[in-house]
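Chemist: So that we are looking at the same thing, I have put the structure below in structure tokens.
In the working numbering, the protein residues as written are 1354 to 1506.
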């Protein structure tokens, strides 16, 4: 259970940082300290998790559904947007644009990895940069998937 908790806390942190801490406070009505407790890895906060209504509000403002995606990953569920329905996102470009963006993002991830591993140790800050690049790469793949679904449907 501890691994799941850590996994969810990491994605909660990514969600809050995606939206921005100040904006997250306004959206949820929670203080910075309270939001920080939701993703804190301190043992005193191990049993504290962000409420689902706060997740829904934050993911409405975020560029990616970080926590929802994490929950889906835990159950091996694939998410997709339903086109034409309420909340569907219109994304510019198409598959060709996505392939170019994918190539750029992957190159950036590999560059970050090369810098991180140069001394044989990946520090916490390097791991955070790699995680950020991985999330950005995931977003490009997500957009590509949606474009392919639109073209095939």
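Ideal Cβ positions, reconstructed from N, Cα and C, are used throughout, including at glycine.
Work out the CA separation of residue 1446 and residue 1365 for me, nearest whole Å.
Modeler: 29 Å
Chemist: Put residue 1390 into one of helix, strand or coil per three-state DSSP.
Modeler: helix
Chemist: What is the DSSP secondary structure of residue 1502, counted as helix, strand or coil?
Modeler: helix
Chemist: Thinking just about the alpha-carbon of each residue, which of 1380, 1426 and 1386 is nearest to the one in residue 1413?
Modeler: That would be 1380, whose Cα lies nearest to the Cα of residue 1413.
Chemist: Quick one, which of 1454, 1464, 1420 and 1416 has its alpha-carbon nearest residue 1358's?
Modeler: 1420
Chemist: Restricting to Cα atoms, I'd like to know which of 1505, 1363, 1493 and 1500 is closest to residue 1424.
Modeler: Sorting 1505, 1363, 1493 and 1500 by C-alpha distance to the C-alpha of residue 1424 places 1363 at the top.
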